[in-house]
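As they're listed, the protein sequences go chains A and B. Residue 439 in my numbering sits at position 437 of the first sequence, with consecutive numbering throughout. Residue 317 in my numbering sits at position 238 of the second sequence, with consecutive numbering throughout. For glycine and all other residues, C-beta sits at the position ideal for the given N, C-alpha and C. All figures in this text were calculated on a predicted structure; none of them were measured in a lab. Reviewing the structure listed below.
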Amino acid sequence: MWRKVLVFMVMGILASAIFAAPITIQFWHAMGGTDRIQLLQNLANEFMQQNPDIKVEVQYTGSYSDTMTKMIAAVRAGNPPDLVMIYDIGTQMMIDSGAIIPIQNMINKDPSFDINTLVSASRGYYTVGGKLYSMPFNSSNPVIFYNKTLFEKAGLDPNNPPTTFEEFIADAQKLTVKDANGNTIQYGFTFGSGEPLAWFFEQFMAVQNALLLNNNNGRDGRATKAVFANDAGLRIFNFFNDMVQNGWAINAGPGWDNARQIFISQRAAMLITSTSDVNMMIKASQSGNFSLGVMFLPHPAGVPYGGVIVGGASLWMVDTKNTQREEATWKFLKFLESVDAQIEWSTGTGYFPVNKNSIIKLLYEGYYAKNPLYLVTVLQLLMSNVTPATSGGATGAFPQIRTAVDNAFAKMFTKAMTPQQALQWAQDQANQAIANYNSLY
Amino acid sequence: MLRKIFPYLLLVPTFLIVVIFIYYPAFQTFKLSFYKMSPFGNRLFFTGFGNFWSLFTSGQYIQSAYTTLIFVVVTVTVGLTISLFLALLLNQKVPGIGIFRTLIFAPYAVSPAVAGTLWAFLLSPVAGYVSYLFLIIFKAQPQWLTTYPLALIAVMIATIWKNLGFNIIFFLAGLQSIPKSYYEAATIDGANAFRTLFKITIPLLSPITFYLIVMNVTFTAFSAFATIDVMTQGGPANTTSTLIYKLYQDGFVNFNTGFASAESVVLILIMAVFTYFYFKFGQKAVFYQ
């Protein structure tokens, strides 16, 4: 009798130990900088406090392309994380990977999650063929920061920034200052080349409601051709080329940092960069003692306004064939999308909330009244029309297309090609890359 | 019996490491260079020499090879000349020479990525110090990182600066091992400074010079990657994209694994040829005392 009780007790203890053992899930992200790494860790800690049976291991895995590289290596080695942050242009590659669970599948199973709380533009970007594949998380888009102090000095109204390409170019000219020897000491406008420039090109296409790829930007079926070498594309190439060749804009060199540095040191009056820089820019304007403004992307006069494309990254659920872990991951995802988590994330970074209710709550609390610049960044996205053009292109050849577009800009800036030739060249390169990628599927 | 096997047993650990970390990946690279593969490896097609064919018919690859050649030749020649000159100066007996030597060697301790960042800041248009100096002295505003050939020159300057310390230390060691008696004899015979430099110093430095050429070619061809990535990202329009940088872009940015493998195979072949000539002619071309 006692022996039986003892056996039961031992079994009971063992069983509870097994069931209580926390489920461990791995989360890989690409948000560098101590602030952002700590912010994500804090979010995970909060979640673990609410769910003691789940342990989230948060891992910073380098830049977007580093994270993609590590993800590929991990999938091929059969040891992928449960949740991974993948950049916008990796979307089609992830869909084709055969290693993921579409978020839509989880949403369909779980009535407690309301898909309509997601900001439509963010949701649109990660929806391909009518299915939401990944969870929007750190969403951003480009805006133009401008130096109101320099606007005043140039005799421009700082509260009436340009809205069209034509006004923008005219203002850039007025904001350019030369010294006695004819050397430029202040430029009207600056931008980073490389990947950022190619991204800006995509955005200005969406601003004109023009497609980048056929089959409705690859949303209705696999994209087979690039379609950006048209009037819309040419207007963008001319826009940049006019300002650069006339010396009203300065190409700051590859990446984001060089352009930021030029703007912060007040050597340029306007800067195109990501909305996620808003925190950094506000701090820089305070220490640099100038007044900062944010404006929407300008559009060519007479062309109907489309909107902007969501950039940044989203969270992908990996097919681990382990239901327990998948459910834990889904729980964590729901937590990350919750009103408060999104507020914590967006106010700490400058990425905007992807949960509509977070935006409403921030508005009611007076956050946007105190921080009007944040409102501009969110408004630009909310005011965009959701069309195939503003949903952005989906193709696995996207990294190569970006390189091709950036190279085309460089060929144009160095006068090796006319804007028309450069644009056509970029499209030919893009078509080759798309054909090459599609030949695999 | 055991005596025969024993040495081989001792070699097993090394052999295992070499096989796992060198031969196996190399074999995989060779294999993949004949395949077309999706980024995640779930699609794999045999294409024969297809990757190599598109490699050599693509203008960009040939351009990269050409860029690499110019980059390596100029960087190594100019770099070694400056280093030799500085080493000759640092070989003088001047008070405080130790401090100068230390200062000159310092750049070598900096990582290539940091060197790139430093130079990118210095050369930044309008906001950089070098650009500012150019404006004051020459009244010009060269756009270092976004125009050709300035971007290539900028990367060369950064690479030369980075390798300077390494080269100078070796040249100094070489200079100090040349016996004083040679110079004394030359002075007695009435040779001037130039003659002693070209007839004694440079020939006697040839073993060191040869070693430095080999090391520098390897450095510049293979390790300048980080500098390029930070400063120009291969731009403008691929004009600073060396073979290694192109390989990185195709493999880790575009995820074109098969194509990138073919590029690695080409690099392995280039290295094989280089190594062959090194062993064949290396010893003969050098004048030992």
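S278/A is positioned such that its CB atom lies no closer than 7 Å to that of G184/A. At a cut-off of 3 residues, not a single continuous stretch assigned as beta strand (DSSP E) sits fully inside the segment 278-305 of chain B. Measuring C-alpha to C-alpha distances from P228/B to each of G394/A, A208/A, K413/A and S393/A identifies K413/A as the nearest. Under the criterion of beta carbons closer than 8 Å, A305/B and P191/B qualify as touching, at roughly 4 Å. If you check each beta-carbon in the segment 184-205 of chain B against every beta-carbon of chain A, the ones closer than 8 Å belong to A199, F200, S203, P204 and V205. Under the Cβ criterion of 7 Å, F331/B is counted among the residues facing chain A. Taking 7 Å as the cut-off between beta carbons, the residues of the segment 60-94 of chain A near chain B are S67, T71, I74, V77 and R78, in sequence order. By the rule that beta-carbons nearer than 7 Å mark a contact, P221/B does not touch chain A. Here the alpha carbon of R122/B sits roughly 37 Å from the alpha carbon of N387/A. If only complete runs of 3 or more residues are kept, the segment 59-121 of chain A shows the beta strand (DSSP E) at 85-89, in order along the chain. When only Cα atoms are considered, Q402/A and E346/A end up about 35 Å apart. Collapsing the DSSP output to three states places Q222/B in coil.
As DSSP reads the structure, P144/A sits in a beta bridge with S276/A. Apart from the 5 residues on each side of it in sequence, L213/A sits with its Cβ closer than 6 Å to the Cβ of N219, V229 and A391 in its chain, given in chain order. For T196/B, the three-state secondary structure derived from DSSP is helix. Non-local beta-carbon contacts of G269/B in its own chain, meaning distances under 7 Å to residues more than five positions away in sequence, are absent. P228/B has a beta carbon lying at 7 Å or more from every beta carbon in chain A. Looking from the CA of T154/B, the closest CA among M294/B, D308/B, G314/B and L167/B belongs to M294/B.
In the DSSP assignment, V296/A is bridged to F147/A.
At a Cβ-Cβ threshold of 7 Å, P256/A and Q312/B count as neighbours.
Approximately 24 Å separates the beta-carbon atoms of A286/A and Y66/A; this is outside 8 Å, ruling out the contact. Segment contact: the segment 291-298 of chain A against the segment 144-160 of chain A, three or more CB-CB distances shorter than 8 Å; contact assigned.
By the criterion of a C-beta distance shorter than 7 Å, V341/A is surrounded in its chain by N357, N359, S360 and K363, once the five residues flanking it on both sides are discounted. Closest option to A194/B, judged by alpha-carbon separation, among T225/B, V234/B and F179/B: V234/B. Close partners of N130/B in chain A (Cβ separation under 7 Å) are lacking, with about 11 Å as the shortest Cβ gap.
Spanning the alpha carbons of L348/B and Y355/B requires a straight line of approximately 11 Å.
In the DSSP annotation of this structure, the continuous segment of the beta strand (DSSP E) that includes I187/A starts and ends at T186 to S195.
At the C-beta level, A254/A and N248/A stay beyond 7 Å of one another. Cβ-Cβ distances below 7 Å link Q429/A to A228, F230 and A231 in the same chain, with the five nearest sequence neighbours on each side left out; the list follows chain order.
Beyond the five residues adjoining it in sequence on each side, G253/B comes within less than 6 Å, by CB distance, of L284 and I287 in the same chain, given in chain order. At a C-beta separation below 7 Å, Q402/A has these neighbours in chain B: N333.
Closer than 7 Å to the CB of K218/B there is at least one CB belonging to chain A. Nearest C-alpha to T160/B among Q255/B, N246/B and S320/B: N246/B. Of all alpha-carbon atoms in K323/A, G308/A, V60/A and S122/A, the one lying nearest the alpha-carbon of G34/A is that of V60/A. By alpha-carbon distance to L134/A, the top candidate from S114/A, V179/A and L317/A is L317/A. Close to K413/A, with beta-carbon spacing below 7 Å, are these residues of chain B in chain order: A316.
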